[in-house]
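Notes for the one structure printed next.
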Amino acid sequence: MLSASDTAIPALPQPNATRTPAFMSSPVVTRFAPSPTGFLHIGGARTALFNWAFAKNQDGKMLLRIEDTDRERSTEEAVAAILEGLKWLGLEWDGAAVSQYSRVTRHREMAEELLKRGKAYYCYCTPAELDAMRAKAEAERRPIRYDGTWRDRDPSTAPAGIKPVVRFRAPQDGETVIQDHAQGRVVIPNKDLDDLIILRSDGNPTYNLSVVVDDHDMGVTHIIRGVDHLTNAARQMQIYMAMGWDVPSMTHVPLIHGPDGAKLSKRHGALGVEAYRAMGYLPAALRNYLARLGWSHGDDEIFSTEQLVEWFTLGGIGKSAARFDFAKLENLNGHYIRHTPDSELLLHFKSFLPHVEGGEALLEALTPELETKLLLSLPGLKERAKTLVELMASARYLFAKRPLSLDDKANALLNEEGKAALKGAHEVLAAAAEWSGPALEAAVKAHAEAAGMKLGKIAQPLRAALTGTSTSPGIFDVLEVLGPEESLGRIADQLKN
RNA sequence: GCGCCCUUCGUCUAUCGGUUAGGACGACAGCCUUUCACGUUGUAAAGACGGGUUCGAUUCCCGUAGGGCGCGCCA
327 MLSASDTAIP
337 ALPQPNATRT
347 PAFMSSPVVT
357 RFAPSPTGFL
367 HIGGARTALF
377 NWAFAKNQDG
387 KMLLRIEDTD
397 RERSTEEAVA
407 AILEGLKWLG
417 LEWDGAAVSQ
427 YSRVTRHREM
437 AEELLKRGKA
447 YYCYCTPAEL
457 DAMRAKAEAE
467 RRPIRYDGTW
477 RDRDPSTAPA
487 GIKPVVRFRA
497 PQDGETVIQD
507 HAQGRVVIPN
517 KDLDDLIILR
527 SDGNPTYNLS
537 VVVDDHDMGV
547 THIIRGVDHL
557 TNAARQMQIY
567 MAMGWDVPSM
577 THVPLIHGPD
587 GAKLSKRHGA
597 LGVEAYRAMG
607 YLPAALRNYL
617 ARLGWSHGDD
627 EIFSTEQLVE
637 WFTLGGIGKS
647 AARFDFAKLE
657 NLNGHYIRHT
667 PDSELLLHFK
677 SFLPHVEGGE
687 ALLEALTPEL
697 ETKLLLSLPG
707 LKERAKTLVE
717 LMASARYLFA
727 KRPLSLDDKA
737 NALLNEEGKA
747 ALKGAHEVLA
757 AAAEWSGPAL
767 EAAVKAHAEA
777 AGMKLGKIAQ
787 PLRAALTGTS
797 TSPGIFDVLE
807 VLGPEESLGR
817 IADQLKN
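If you use the numbering used here, the first sequence corresponds to residues 327 to 823, in order.
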């Protein structure tokens, strides 16, 4: 996925006279920077959405950088899942995805530069010693921080045989102030920030160094990420300043919690976006839902992605965490299903099938003839489905082969009374001159009226016989789509026993 | 433990000192109706608590409580 050619840093966009007015100081560049240690979870998806929406709103670019410097935990599968997830969600990035690991040499150089400037130093403490340090601090109820043992110690006193790490020499006095577009002005006392490791003993850079170097080199102007990075923002600012670089604009968005208010777990939202695809959600619906989690534009609830782009500002981002609510997502998804044109919905449905259990089989059974029937039934079906999974279930009767097996409720409908009504309906339908929904409806209604029956007394048994269930689209639509032969056949099947 | 942040109906949120505190989802009730939905009408439902500041606080400040995040040779 990340071939050598993919890892090149994309050239910065040249200010385009037609799209970037002269008064704009510089084009906006955002980035989404996931670490490939798992799938693209829902929080990451929203972060990507915000970065994307902001970049689009500003006529800027959103870059994608895979933070794969942890060689132990990064996997190719995760990278693939993240790219796939972003594509499914419709969040295309600009340029090629950048592998952070491909830039280690540059990161090491910057660590050297910091060393040269006296902004960093070698530390010879072993992991065991650091563990002991932490344990002791905890036991004495002191803040858990590196104690600065090697900060000012003469390297010539270094113990032999120990490969040192490089630590950043963080300012000890004063405070670091983050001007955050979502969080406001956040002040962190420097005494609470210790000397973080920027180069491991094996010579590989750590996250906080790499991000700063990459964001700077890639020309990132706006950093939008989760608040869990807020403390990192302070440390990173210190590195920016030590390097004499401009600090990008910062926006730390609140986190998404599970329905119970606690951290997202496997049970609820901590699923990959592919799980949402398998649950039958439409990308547009998920985008709309995610946008309303932590961001708002007045009372607007349902809006297109175009509107999101038009309206998106960092000021619209809130400060408090939101809970993930499947009921609302489902409602929105139902709205999107209902309002998607039939032919387009059919496309979504077909591309969804391979991702759901039993979907492959259905896809294989989908002959051109059946596809036509499905398309004709969609207006009735989509009105009743909140997810594509429900759509699949409700479309089953189209695929069913005679004789149909009935569910319990359908069976109950075909009691003696039901069968009697069905028999009458069969005669009326068999005699129908024109096989169309309206014509059949008129005929059956006339028959019901003549027999002094409520239409429901006939429609329900018909539904049971035709679909094998007690719920379906309008029964005359079902009849029309199924056609005379199949319809009469299904009814006759039930009349036999 | 230390630091930072958060707190409006059950949930997502509007409000940027003056509102009968609005909308949406969900819930409940009615209407529509061949089922289920859709649609539609209506109802219940909120400023965590305590102090200030102010003519006036949901809004500004302080404290308390509750919650979240961070404190790795992870990102």
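For each residue, glycine too, the CB sits at the ideal point set by N, CA and C.
Quick one: using the 10 Å Cβ neighbour count with 16 as the cut-off for buried, is residue i buried or exposed?
i: Leu655; result: buried
i: Ser400; result: buried
i: Ala486; result: exposed
i: Arg551; result: buried
i: Arg467; result: exposed
i: Gln564; result: buried
i: His433; result: buried
i: His665; result: exposed
i: Met544; result: buried
i: Glu695; result: exposed
i: Asp819; result: exposed
i: Pro481; result: exposed
i: Ala348; result: Unreliable positioning characterises Ala348 in this predicted model, as indicated by a pLDDT of 41, which lies under 50. A coordinate reading is not provided.
i: Thr713; result: buried
i: Asp528; result: exposed
i: Gln562; result: buried
i: Leu821; result: exposed
Starting from residue i and walking both ways along the alpha helix (DSSP H), at which residues does that stretch end?
i: Leu412; result: Glu402 to Leu415
i: Val635; result: Thr631 to Trp637
i: Gln505; result: Gln505 -> not in any alpha helix (DSSP H); beta strand (DSSP E) instead, spanning Glu501 to Asp506.
i: Phe725; result: Arg722 to Phe725
i: Tyr447; result: Premise fails: Tyr447 lies in the beta strand (DSSP E), Ala446 to Cys449, not in any alpha helix (DSSP H).
i: Thr431; result: Val430 to Lys442
i: Arg471; result: Counting along the chain, Arg471 falls outside any alpha helix (DSSP H), and DSSP gives it neither H nor E.
i: Ala736; result: Asp734 to Leu739
i: His542; result: Tyr533 to Asp543
i: Ala461; result: Pro453 to Ala465
i: Lys712; result: That residue, Lys712, is in no alpha helix (DSSP H); it is neither H nor E in DSSP.
i: Leu688; result: Gly685 to Ala691
I'd like the span of the beta strand (DSSP E) that includes residue i, first residue to last.
i: His548; result: His548 to Gly552
i: Ile898; result: Nothing in the structure corresponds to residue 898, since the chain is present only between 327 and 823.
i: Arg493; result: Val491 to Phe494
i: Val355; result: Val355 to Phe358
i: Ile514; result: Gly510 to Pro515
Suppose the cutoff is 8 Å on Cβ atoms and the five residues either side in sequence are ignored; what does the same chain contact list for residue i look like?
i: Gly598; result: Gly364, Phe365, Leu366, His367, Ala407 and Gly411
i: Val807; result: Lys699, Leu702, Ser703 and Leu724
i: Val492; result: Ala437, Leu440, Leu441, Ala446, Tyr447, Tyr448, Cys449, Ile523, Ile524 and Leu525
Considering only residues of the same chain and omitting the five flanking positions on each side of residue i, which have a CB-CB separation below 6 Å?
i: Thr693; result: none
i: Asp520; result: Arg471 and Tyr472
i: Val635; result: Ala379, Lys382 and Asn383
i: Val513; result: Glu501 and Val503
i: Glu647; result: Residue identity differs from the one stated: residue 647 is Ala in this sequence, not Glu. Cβ neighbours of Ala647 beyond the five flanking positions: Pro580, Leu581 and His583.
i: Met567; result: none
Have a look at the options and flag the residue whose alpha-carbon is nearest the alpha-carbon of residue i.
i: Ala611; options: Trp414, Glu760 and Leu748; result: Trp414
i: Glu403; options: Trp419, Ser361 and Ala422; result: Ser361
i: Asp499; options: Leu608, Asp518, Ala617 and Ala721; result: Asp518
i: Arg618; options: Gln633, Leu788 and Ser798; result: Gln633
i: Gly510; options: Arg789, Lys645 and Ala759; result: Lys645
i: Glu398; options: Leu375, Trp419, Asp385 and Tyr427; result: Tyr427
i: Thr577; options: Phe358, Pro810 and Ala711; result: Phe358
i: Ala560; options: Asn516, Thr532 and Ala588; result: Asn516
i: Phe376; options: Thr356, Asn657 and Glu716; result: Thr356
i: Leu658; options: Asn737, Leu608, Gly624 and Gly641; result: Leu608
i: Lys771; options: Pro787, Trp761, Glu760 and Val754; result: Val754
i: Glu393; options: Asp541, Asp457, Cys451 and Gly386; result: Asp541
i: Tyr533; options: His548, Ala458 and Asn558; result: Asn558
i: Gly744; options: Ile817, Val682, Ser813 and Leu673; result: Ile817
For residue i, which residues of its own chain have a beta-carbon under 7 Å away from its beta-carbon, when the five flanking residues on both sides are left out?
i: Ala785; result: Ile801
i: Ala765; result: Ala758
i: Ser731; result: Gly794
i: His623; result: Trp637 and Gly642
i: Ala508; result: Thr577, His578, Val579, Leu640, Ile643 and Lys645
With a threshold of 7 Å, establish whether the CB of residue i neighbours any heavy atom of the ligand COA.
i: Ile565; result: Of ligands this structure carries none, so the ligand COA is not represented either.
* **Segments assigned alpha helix (DSSP H), at least 4 residues, entirely inside the segment 368-397** => 368-383
* Report the residue ranges of all beta strand (DSSP E) runs contained in full by the segment 560-644; include only those spanning at least 3 residues, in chain order. => 575-579
* To do: Entirely within the segment 753-804 and at least 4 residues each: give me those alpha helix (DSSP H) ranges in chain order.
  => 763-777 and 781-793
* **Runs of alpha helix (DSSP H) wholly within the segment 657-681 (minimum 4 residues, chain order)** => 668-678
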